[in-house]
Amino acid sequence: MAAKSRTEIIDDIEDCIGRNGGNFAEWYVGFTASPKLKLFNHHKLKEKGDAWISRLAKDEFEAHEVAEFFRTTRKTKGPGSQPGDNDLYVYAYKMKPHTKP
Numbered sequence: 695m696a697a698k699s700r701t702e703i704i705d706d707i708e709d710c711i712g713r714n715g716g717n718f719a720e721w722y723v724g725f726t727a728s729p730k731l732k733l734f735n736h737h738k739l740k741e742k743g744d745a746w747i748s749r750l751a752k753d754e755f756e757a758h759e760v761a762e763f764f765r766t767t768r769k770t771k772g773p774g775s776q777p778g779d780n781d782l783y784v785y786a787y788k789m790k791p792h793t794k795p
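Sequential numbering of the sequence shown, starting at 695, is according to my numbering.
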């Protein structure tokens with residue numbers, strides 16, 4: 695997967711949210727080194743039926759900026775913490791009763 699710019703990632707995530715209900719408050723946006731591990735093991739998403747997206751950022755700082763944009767401007771849920779050295783992926787998922795959070 696090729697790295698995308700901050701703007702491209704924001705556009706992709708906003709498009710995904712729009713196709714899946716459009717309510718930003720129902721979504722969690724974070725950053726990680728391993729998106730599938732984070733989504734399916736940590737957040738407990740189901741492989742089928744749950745809406746999610748992940749995108750590779752140019753560096754961990756851009757990944758953090760994208761997550762912060764969604765958390766502060768679009769009012770999604772998110773970690774609000776600093777990224778680690780390898781947290782290059784931005785991910786988003788629609789929260790449901792079985793997901794954490």
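Just so you know, even glycine gets a beta-carbon here, dropped at the ideal spot from N, CA and C.
If you draw a straight line from the Cα of D705 to the Cα of F764, it comes to about 11 Å. With the rule of 3 Cβ pairs closer than 8 Å, the region 775 to 784 does not count as touching the region 713 to 721. Excluding its 5 nearest sequence neighbours in each direction, I707 has C-beta neighbours in its own chain below 8 Å: V723, I747, R749, V760, F764, V784 and A786, listed in chain order. Secondary structure in the region 702 to 778: the beta strand (DSSP E) runs of 3 residues or longer, each lying completely within the stretch, are 721 to 726 and 746 to 750 in chain order. The bridge partners DSSP lists for A786 are V723 and I747.
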